[in-house]
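For reference, the structure is listed below as structure tokens.
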């Protein structure tokens, strides 16, 4: 009854109605995706100024005697000066489940009270369940001042010499 | 003034108080709350020891939690500076504030117990066969909601207990491969527990989760009705049916009053714990999660977190798979499937009570897998191997029960279920009472 125009192939033609409803569906999908992304962004992690995550001026090199461990509660790290004079900024978050480790000077170790992990002065695991050494922060030493950047903790499996920062001229 | 007393009467009874069975049944069908019930109930379903009223008690506790929770919202302040102070004000200044908080706290804790017991009861009486399969799995989802409620509520007092329990709990998420850290950071609104985490948890606890729970609970109840109510053994002859008023409603009122009295008395006598204000620099020693997560925390002391997480997930999936695992629905409504099944259950409990503490002590004092296998990464020596051994042990328990008691598959499953549940209880008790400073094993006295 209906005669198709010869230049059109019936399988690939789409009726106007189908085209519009497909377009409507696609628009709806885009809208849904947009709303989803907006919601996730809205709910996502937020940084609060003045909280942990900035750059900390730790102090002069001389104020940390070799072999000492100094806690910086606001920066969430311990500044370790090794016996050879090198510096290491150790993030206090236990690598097991995130408790705060504390420095036990008498036993010369970091201890995590939650599950009994111990770490030595370099942050290496002495006693599990902690799976890897304590994370560290980047240190720069300019004009004899130790500066620690707490923006991004660096993961490591174990301590090695490349993680230590030495003051110039040492 | 007669119009007033007439109006009052109409509010109390839509019709005259029902005096015969037909009008009693109509009263149930026409009442908003009562129409959750059928108009008549099979007499065996009314036997208290068949259900222990655990679903109803859980529902009542939910109502108590909503009422007390809404009241608490008027006095609570979800900011890091003010949250702890507002709880202290509630405890010391607000009239009946401490009692209100105690009722909320203990009802929430009791709810975890009653929903778990409800799960055990439904499993043992075969409440997951046939049409009830979907509602069994949906019930597990409800259990997760209840745990999420408790977990988010735990942070709100912002004391040491709250802060470190949530730190440890979300620290666990970091071990989920690929997405773990992202999810944990998203949930906390940052890398550590802080203001963003408190705000997030508060919004989840008082707005998101209640809506989800109300919808989910309505569906759960609706399915209970549609699936034919409490699961009962298949009947050959006619079953005696009793009208809901007064037979079911009377029992429910009785249980509700006993529950209310018990919660009230407990809340008056035992204050909800509140430690010092949260101090992110100094975890208490030992730092423990909320008691209902101490079973999992105990697992963490014995294996790699990923293994502990895997074991918990396998346990949950195993529960969800129960309707597909046990397809012999002829045992529907019979406690423990059969006499031998009940024996298997007790054997499972006995084995668990003996084996679990033994394994904990052996692993704590003598067995050190990472030291025995120094060549392997800890993920294998402390993760895969303990996980494999535990799963093999569970399979061993299943076959032991099967062979020793000569049980069928479904009866041995009852034994395995009671073994696993008892192990969870034992691990939780060890976590609560036998873990001291540095999480070392200690005597509680």
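Residue numbers (UniProt numbering), protein chains in the order written: chain X, 1 to 170; chain G, 1 to 445. Here a beta-carbon is modelled for each residue, glycine too, at the ideal position from N, C-alpha and C. What you are looking at is a predicted structure, and each value in this text was computed from that prediction instead of being measured.
Secondary structure of residue i, DSSP reduced to three states
i	result
residue 49 (chain X)	Legend: pLDDT at residue 49 (chain X) = 45, less than 50; position of this residue unreliable, no value from coordinates given.
residue 242 (chain G)	strand
residue 202 (chain G)	helix
residue 323 (chain G)	helix
residue 123 (chain G)	helix
residue 14 (chain X)	coil
residue 174 (chain G)	coil
residue 264 (chain G)	helix
residue 386 (chain G)	helix
residue 275 (chain G)	coil
residue 425 (chain G)	helix
residue 192 (chain G)	coil
residue 95 (chain G)	coil
Among the options, nearest to residue i - alpha-carbon criterion
i	options	result
residue 308 (chain G)	G:385, G:276, G:442	G:385
residue 159 (chain G)	G:134, G:440, G:277, G:91	G:277
residue 244 (chain G)	G:306, G:5, G:38	G:38
residue 206 (chain G)	G:66, G:94, G:291	G:66
residue 122 (chain G)	G:320, G:274, G:379	G:320
residue 110 (chain X)	G:77, G:438, G:393, G:310	G:438
residue 163 (chain X)	X:79, X:70, X:117	X:79
residue 73 (chain G)	G:273, G:348, G:100, G:48	G:100
residue 264 (chain G)	G:436, G:5, G:96	G:96
residue 169 (chain G)	G:108, G:375, G:297	G:297
residue 352 (chain G)	G:59, G:396, G:53, G:318	G:396
residue 430 (chain G)	G:379, G:376, G:373, G:357	G:357
residue 365 (chain G)	G:54, G:302, G:225	G:302
residue 58 (chain X)	X:67, X:77, X:121	X:77
Per DSSP, cross-strand counterpart(s) of residue i
i	result
residue 88 (chain X)	X:80
residue 71 (chain X)	X:78
residue 147 (chain X)	X:57, X:140
residue 102 (chain X)	X:111
residue 42 (chain G)	G:241
residue 119 (chain X)	X:110, X:125
residue 165 (chain X)	X:87
residue 82 (chain G)	DSSP, once it has assigned bridges, lists no residue as partnering residue 82 (chain G).
residue 234 (chain G)	Bridge partners of residue 234 (chain G): none, in fact.
residue 441 (chain G)	G:435
residue 93 (chain X)	X:100
Closer than 9 Å to chain X by CB, residue i
i	result
residue 78 (chain G)	no
residue 276 (chain G)	no
residue 431 (chain G)	no
residue 168 (chain G)	yes
residue 439 (chain G)	yes
residue 81 (chain G)	no
residue 161 (chain G)	no
residue 320 (chain G)	no
residue 363 (chain G)	no
residue 205 (chain G)	no
residue 50 (chain G)	no
Within-9 Å CB hit, residue i to chain G
i	result
residue 79 (chain X)	no
residue 71 (chain X)	yes
residue 49 (chain X)	Caution applies to residue 49 (chain X), whose pLDDT of 45 falls short of 50 and renders its modelled position unreliable; the value that the coordinates give is listed next. Closer than 9 Å: no.
residue 123 (chain X)	no
residue 106 (chain X)	no
residue 134 (chain X)	no
residue 109 (chain X)	no
residue 154 (chain X)	no
residue 102 (chain X)	yes
residue 98 (chain X)	yes
residue 44 (chain X)	yes
Cut-off 8 Å between Cβ atoms - residues of its own chain near residue i, not counting five sequence neighbours on either side
i	result
residue 229 (chain G)	38, 41, 42, 45
residue 114 (chain X)	94, 96, 97, 99
residue 369 (chain G)	381, 382, 385, 386
residue 361 (chain G)	441
residue 62 (chain G)	111, 213, 217
residue 220 (chain G)	135, 138, 139, 142
residue 191 (chain G)	185
residue 234 (chain G)	330, 332, 333
residue 83 (chain G)	76, 77, 156, 157, 158, 198
Cβ-based neighbour list, residue i, same chain, cut-off 7 Å, excluding 5 preceding and 5 following
i	result
residue 174 (chain G)	180, 181, 184
residue 421 (chain G)	120
residue 344 (chain G)	401, 405, 407, 411, 412, 414, 415
residue 418 (chain G)	345, 348, 349
Cβ neighbours of residue i in the same chain (closer than 6 Å, five flanking residues each side left out)
i	result
residue 165 (chain G)	154, 289, 290
residue 393 (chain G)	none
residue 155 (chain X)	135
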